[in-house]
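One gets our numbering by counting positions in the sequence shown from 1 and adding 2 to each. For glycine and all other residues, C-beta sits at the position ideal for the given N, C-alpha and C. Since the model is a prediction, treat every value here as computed from it, not as a measurement. Okay, so here's the structure we're looking at.
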Amino acid sequence: MIASVVSRISLKMIKYREGYKYQLAEDAKFDLSFYPSVNIKTDFIEFYITGVFVIKKGYAWDGASGPTWDDETNLQGSCLHDAGYQLMRLGLLDETVYRILFDKLFEQICLQDGMNKIRASLYFNGVHLFGEQYARQQEDIIFTVGK
3 MIASVVSRIS LKMIKYREGY KYQLAEDAKF DLSFYPSVNI KTDFIEFYIT GVFVIKKGYA
63 WDGASGPTWD DETNLQGSCL HDAGYQLMRL GLLDETVYRI LFDKLFEQIC LQDGMNKIRA
123 SLYFNGVHLF GEQYARQQED IIFTVGK
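So, in structure tokens, the structure goes:
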């Protein structure tokens with residue numbers, strides 16, 4: 003019985019990306035005080051000239067980076083921060099303009115979600131001092147496994 007089930011499997015390749023721990027279960031909408039010069043729409047992120055920033059259900063991100071832990075005070079901020087940086091990596095937002103805005107927004111959301119000021123300041127300094135390379139345009143690396 004088991005042999006007949008296994009023999010029916012049609013092996014195909016899968017393609018995936020690494021580095022994600024979390025995935026949105028529903029759309030998240032933010033009203034930001036800054037905005038792009040044109041409406042931006044990707045599969046998972048929308049950013050409108052009105053300042054509305056939507057992260058779609060299914061969006062995956064890795065949480066806060068660095069020597070830290072994820073908790074209820076940084077998950078929302080890290081999601082929005084990662085989505086903003088993704089738009090910069092895709093060349094849809096100018097990193098020289100938007101990086102500082104998303105870094106400060108990350109700090110503000112962490113504070114709003116209950117993080118203490120010292121920790122939020124450390125997070126801001128971490129992303130601002132060491133995050134530049136993650137805002138630059140990068141090739142999307144897709145791994146392939148199988149035959």
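Curious, which full-length beta strand (DSSP E) runs of at least 3 residues does the region 38 to 88 contain?
47 to 49, 54 to 57
Kindly indicate the opening and closing residues of the alpha helix (DSSP H) around residue 106.
97 to 114
How is the beta strand (DSSP E) around residue 32 delimited, first residue to last?
30 to 33
Starting from the C-beta of residue 48, find all residues in its chain whose C-beta is less than 6 Å away, skip the five residues before and the five after it, and write them out in chain order.
56
Quick check on DSSP: helix, strand or coil for residue 7?
The pLDDT assigned to residue 7 is 49, lower than 50, so where the model puts this residue is not dependable, and the model offers no usable value.
Comparing alpha-carbon positions, which option in 110, 114, 106 lies nearest residue 131?
106
In whole angstroms, what is the alpha-carbon distance linking residue 110 and residue 22?
23 Å
Closest by C-alpha distance to residue 39, when choosing among 30, 98, 53
53
Please confirm if the region 92 to 99 is in contact with the region 57 to 68, defined as three or more CB-CB distances below 8 Å between the two stretches.
no
List the residues that DSSP assigns as beta-bridge partners of residue 24.
63
Pairwise C-alpha distance: residue 101 and residue 87
7 Å
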